[in-house]
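The structure under discussion appears below in the form of structure tokens.
Numbering (my numbering), first residue to last: 914 to 1038.
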């Protein structure tokens, strides 16, 4: 059945997140993706069901519903991209400060060269 994937796909993604020990970090993005996906599917099915309208108002309503379905589909793609990025991106431990040693000779600025402006002109601000 085509609608079974709405229930089982998130289950597989959650199990994979638990296996990789990142479920705590990905719980919210997975739930957002799943919710948007279900709503997107429902709106798409409604747009298909109302696509046989022959009057002007019915066609206009279906056009608006289809545009809304496309918007929800784009949001679904963005949400699954965030879930995918959560699987690919691993947190990296970094030091809080990086200290750079600078030589005292380099600390003094050298005098600047000749002026770039022509004689008699004000410097550019």
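Don't be surprised by glycine CBs; every beta carbon is placed ideally from N, CA and C.
Distance between beta carbons of residue j and residue i, contact taken as under 8 Å
i	j	result
residue 960	residue 989	Incorrect: roughly 15 Å between the Cβ atoms, too far for contact.
residue 964	residue 975	5 Å
residue 972	residue 980	No, residue 972 and residue 980 are not in contact; Cβ-Cβ is about 13 Å, not under 8 Å.
residue 920	residue 950	The Cβ separation is near 11 Å, so there is no contact.
Per-residue burial, residue i [other beta carbons within 10 Å of its own, 16 or more giving buried]
i	result
residue 915	exposed
residue 953	buried
residue 985	buried
residue 992	buried
residue 996	buried
residue 987	exposed
residue 969	exposed
residue 930	buried
residue 982	buried
Residue-level contact to chain D via CB, residue i, 7 Å cutoff
i	result
residue 977	Although the question refers to chain D, the structure presented lacks it and comprises just one protein chain.
**Item:** the stretch 925-943 touching the stretch 957-971, judged by at least three CB pairs closer than 8 Å
**Value:** The stretch 925-943 makes no contact with the stretch 957-971, as fewer than three CB pairs between them are under 8 Å.
**Asked** Does the count of Cβ pairs from the stretch 919-932 and the stretch 942-951 closer than 8 Å reach three?
**Response** With a cut-off of 8 Å on Cβ pairs, the stretch 919-932 is in contact with the stretch 942-951, counting three or more such pairs.
**Message:** At 4 residues or longer, what runs of the alpha helix (DSSP H) sit wholly inside the stretch 924-968?
**Reply:** You should have 936-962.
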